[in-house]
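Data first, discussion second: the structure below is written as C-alpha cells.
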Amino acid sequence: MRPGAILAVAAAGHWGCCQAALSVSRQRKPCALLPIPERTTIGSDALTEAVREVMPDFITGFGGVPSFTPNNTSPAWDLAEPETQLFEDPHIEQFLRIAPQSARLFTRHQLPQTTRMKHPFSTLGKALMRDGELQTACSGVLVGTNLLLTAVECIQNKTNEWALEFVPGFHAEDREQPRPWGSAFADRCVSTDSPASAYAICRLSRPIGTMAGYLGWRASPNNGFYLGGDWLSVGYPANFKAGNVPTLEIDVRILAVESVGGSINAKRLSSQPYSENGWSGGPLFGQDGDDFFVVGVVAAVGAEEGPYGHIFATSSVHVGGVEMGELIEYGRMEWGFEA
C-alpha cells in the first residue's frame with residue numbers, strides 16, 4: 023500500500039439491528055418486517071438550484087442554522103467542564119512504541135449515562151443497518167426533527183433488503199433506558215453526485231428530534247474556518263465495548279483542508295487519527311455559546327504502511343462544506359421540517 027493512501031472506514035460494528043434489538047428490547051419487530059428505505063442521488067448543481075430557489079440569499083460566503091434544545095435535554099453540556107470516563111488500552115505503551123501518532127486510538131472518553139442525555143449528545147446516536155444477511159452499525163446525528171445526517175457508506179443497499187434504524191442517545195450499559203427516546207426508521211435517503219459527497223441524509227419515520235433535539239450546521243468556502251479549532255466528535259467505535267456506548271473525542275484539530283473536485287464548497291478535513299470502525303457517519307461539530315453545529319462527517323481513515331508491513335492510521339478524514347449544508351437544507355424543505 024502506498025503511503026498516505028485513504029482507507030474507507032468500514033461501517034461494521036460487532037452487532038447489527040437484529041442482535042442489537044435482542045440486547046436492549048423485547049418489543050422490537052423482527053428484522054424481516056423493517057421498512058426498506060428509498061435511496062436516491064441528486065446532482066450537486068440541481069441541489070444548489072433547488073435550495074436557492076427557495077432561499078435566494080443562501081450561503082453567499084458563510085452560513086448555517088442553529089440547533090434545537092428541548093427542555094428535557096437541558097441544561098446543555100458545558101465544554102469547559104467535560105463529564106467523561108477515560109479508558110486506556112492496557113497495552114497502550116506497547117502500541118505507542120510502534121505507532122506514536124495513533125495515541126488517540128488507544129484512549130477513549132466514554133460518555134456517562136446521564137451526560138449522553140444532555141444536549142448536544144442527545145442528538146447523536148447509533149445507526150443499525152441490515153442489508154440482507156449482513157448486519158452492521160454506523161454513527162449519525164439528528165439535524166432536524168425527522169432528519170438524520172450520516173456517512174454515505176452507511177446507506178449502501180446491495181440486496182434490496184436493506185433497513186436502517188437510528189437510536190439517539192443509545193447506551194447499552196444503561197439497563198433502564200438504553201434507548202431514552204426510542205428509535206426511528208429511515209424511509210428515504212439522499213446523497214449527491216459531488217466528489218466530496220461521502221455524507222447522506224435520511225428522512226426518519228417519526229420526528230424524534232422533537233424529544234432528542236438536533237444540531238445546527240455551519241459551513242464556509244474558506245479553509246481557515248475549519249483549520250485548528252476545538253472540534254468535537256462522538257461515535258460508536260466497534261473496538262471499544264463492541265460499539266455499545268457513545269465515545270467522545272475532545273479537541274479534534276483539523277490539520278489539513280482540501281477542496282474536492284475543484285469546488286471551494288466541498289471540503290475534505292483531516293485531523294489526527296481517532297476514529298475506528300463504527301464511527302463512520304459521526305459528526306464533527308463545534309460550540310458557540312449555547313449553539314452546537316455540525317461542520318463535517320467522519321468518512322475515512324488515512325493510513326500508511328510502516329515497518330514489517332504493518333498498516334498505521336495517520337489521520338481521520340471528514341467531509342463537509344457548503345454542499346453538505348445545501349443537502350441538509352434540501353432535506354428540510356422536501357420533507358416538511360418543522361423547528
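Residue numbers (the working numbering): 23 to 361.
In this text, a Cβ means the ideal position worked out from N, Cα and C, and glycines have one as well.
Quiz item: Once you ignore the five residues that flank Y258 on each side, which residues in its own chain have a CB closer than 6 Å to its CB?
Solution: Taking the sequence shown and counting its residues from 1, one reaches residue 258 at position 236. Around Y258, the same chain offers K148, S161, G265 and G300 as residues with beta carbons nearer than 6 Å, after the five sequence neighbours per side are excluded.
Quiz item: In chain order, what residues of the same chain lie with their CB nearer than 7 Å to the CB of R249, ignoring the 5 residues before and after it?
Solution: Locating residue 249 in the sequence shown gives position 227, where the first residue counts as 1. Per the sequence shown, the amino acid found at residue 249 is Leu instead of Arg. Here the set comprises I276 and V279.
Practice problem: Compute the Euclidean distance between the alpha carbons of R228 and A220, then round it to the nearest angstrom. | Solution: In the sequence shown, the residue the question calls residue 228 occupies position 206. In the sequence shown, the residue the question calls residue 220 occupies position 198. Straight-line Cα distance between these residues: approximately 25 Å.
Quiz prompt | When H193, A208 and R138 are compared against R201, the one with the closest alpha-carbon | solution = Taking the sequence shown and counting its residues from 1, the one referred to as residue 201 is at position 179. The residue with the shortest Cα to Cα distance from R201 is H193.
Quiz item: For the 8 Å Cβ check, are there 3 or more pairs between the region 131-151 and the region 301-309?
Solution: Yes, the region 131-151 touches the region 301-309.
Quiz item: In terms of residue numbering, what span does the alpha helix (DSSP H) encompassing G347 cover?
Solution: Along the sequence shown, read from residue 1 onward, the residue named residue 347 stands at position 325. Here the alpha helix (DSSP H) through G347 covers V344 to E356.
Exercise. In angstroms with no decimal places, state the Cα-to-Cα distance between Y352 and Q294.
Key: To locate residue 352, count along the sequence shown from 1; it is residue 330. To locate residue 294, count along the sequence shown from 1; it is residue 272. In a straight line, the C-alpha of Y352 is about 31 Å away from that of Q294.
Practice problem: Along the alpha helix (DSSP H) that carries A278, what are the first and last residues, could you check? | Solution: Looking up residue 278 in the sequence shown gives position 256. Element bounds for A278: not the alpha helix (DSSP H) but the beta strand (DSSP E), T269 to S281.
Exercise. Could you have a look at F192 and say whether DSSP puts it in helix, strand or coil?
Key: By one-based count along the sequence shown, residue 192 stands at place 170. It is coil, neither helix nor strand.
Exercise. Taking G162 as part of the beta strand (DSSP E), name the residues at either end of that continuous run.
Key: Locating residue 162 in the sequence shown gives position 140, where the first residue counts as 1. Per DSSP, G162 belongs to the beta strand (DSSP E) from L156 to G166.
Self-check item: Backbone secondary structure at K140 - three-state DSSP
Solution: Start at 1 with the first residue of the sequence shown, and residue 140 comes out as number 118. When DSSP states are grouped into helix, strand and coil, K140 belongs to the coil group.
Quiz item: Do the CB positions of I64 and V212 come within less than 8 Å of each other?
Solution: Here the question's residue 64 lines up with position 42 in the sequence shown. Here the question's residue 212 lines up with position 190 in the sequence shown. For the pair I64 and V212, the CB atoms are nearer than the 8 Å cut-off.
Exercise. Compare the C-beta of A321 against all C-beta atoms of chain B and say whether one is closer than 8 Å.
Key: The chain inventory of the structure shown lacks chain B, comprising one protein chain alone.
Quiz item: For D273, which option in D310, V174 and D252 has the closest C-alpha, if you only look at C-alpha atoms?
Solution: The count along the sequence shown starts at 1 and reaches residue 273 at position 251. Proximity to D273 across D310, V174 and D252 peaks at D252, based on C-alpha coordinates.
Self-check item: Identity of the residue in S216, E183 and L170 nearest Q157 by Cα
Solution: Position 135 of the sequence shown, counted from the start, is the residue given in the question as residue 157. The residue among S216, E183 and L170 with its C-alpha nearest the C-alpha of Q157 is E183.
Quiz item: For I64, which three-state DSSP category applies?
Solution: Counting from one through the sequence shown, the residue named residue 64 turns up at place 42. Correct three-state label for I64: strand.
Quiz item: What is the rounded straight-line gap between the Cα of T269 and the Cα of G347?
Solution: Here residue 269 is taken as the residue at index 247 of the sequence shown, counted from 1. Here residue 347 is taken as the residue at index 325 of the sequence shown, counted from 1. Rounded to whole angstroms, the separation of the alpha carbons of G347 and T269 is 25 Å.
Practice problem: Would you kindly report the start and end of the unbroken alpha helix (DSSP H) that includes T232? | Solution: Translated into positions along the sequence shown, residue 232 becomes position 210. Element bounds for T232: G231 to A234.
Practice problem: With DSSP as the reference, label S223 as helix, strand or coil. | Solution: For the purposes of this step, residue 223 is taken as residue 201 along the sequence shown, with counting starting at 1. It should be pointed out that residue 223 corresponds to Ile in this sequence rather than to Ser. In this structure, I223 counts as strand in the three-state DSSP scheme.
Quiz item: Per DSSP, P259 forms a beta bridge with which residues?
Solution: The count along the sequence shown starts at 1 and reaches residue 259 at position 237. As far as DSSP is concerned, P259 takes part in no beta bridge.
Quiz item: In terms of alpha-carbon separation, which member of S89, E356, E345 and G342 lies closest to H141?
Solution: Counting from one through the sequence shown, the residue named residue 141 turns up at place 119. Of all alpha-carbon atoms in S89, E356, E345 and G342, the one lying nearest the alpha-carbon of H141 is that of S89.
Exercise. Let me know if E271 comes out buried or exposed under the rule of 16 or more other beta-carbons within 10 Å of its beta-carbon.
Key: For the purposes of this step, residue 271 is taken as residue 249 along the sequence shown, with counting starting at 1. Per the 10 Å Cβ criterion, buried.
Exercise. Just the C-alpha distance for A206 and V189, rounded to the nearest angstrom, thanks.
Key: Your numbering for residue 206 matches position 184 in the sequence shown. Your numbering for residue 189 matches position 167 in the sequence shown. Going from the Cα of A206 to the Cα of V189 covers about 7 Å.
Quiz item: Taking just the CA atoms, how far does V323 sit from R354?
Solution: Taking the first residue of the sequence shown as position 1, residue 354 is located at position 332. Taking the first residue of the sequence shown as position 1, residue 323 is located at position 301. Here the alpha carbons of V323 and R354 stand approximately 30 Å from one another.
Self-check item: Neighbourhood of N287 by C-beta distance below 7 Å, restricted to the same chain and skipping five residues each side
Solution: Here residue 287 refers to the residue found at position 265 when the sequence shown is read from its first residue. Counting only Cβ-Cβ distances below 7 Å, and skipping sequence neighbours, we find P243, G343, V344 and E345.
Self-check item: Sequence-distant residues of the same chain with beta carbon closer than 8 Å to T106, five excluded per side
Solution: Taking the sequence shown and counting its residues from 1, the one referred to as residue 106 is at position 84. So the list reads H131, Q132, L133, P134, T137, L270 and I272, once near-sequence residues are dropped.
Quiz item: Excluding sequence positions up to five away, which residues of its chain have a Cβ less than 7 Å from the Cβ of W203?
Solution: Numbered from 1 along the sequence shown, position 181 holds the residue referred to as residue 203. Listed in chain order, the non-local C-beta contacts of W203 below 7 Å within the same chain comprise P190, G191, I230, M233 and A234, local neighbours out to five positions each way being set aside.
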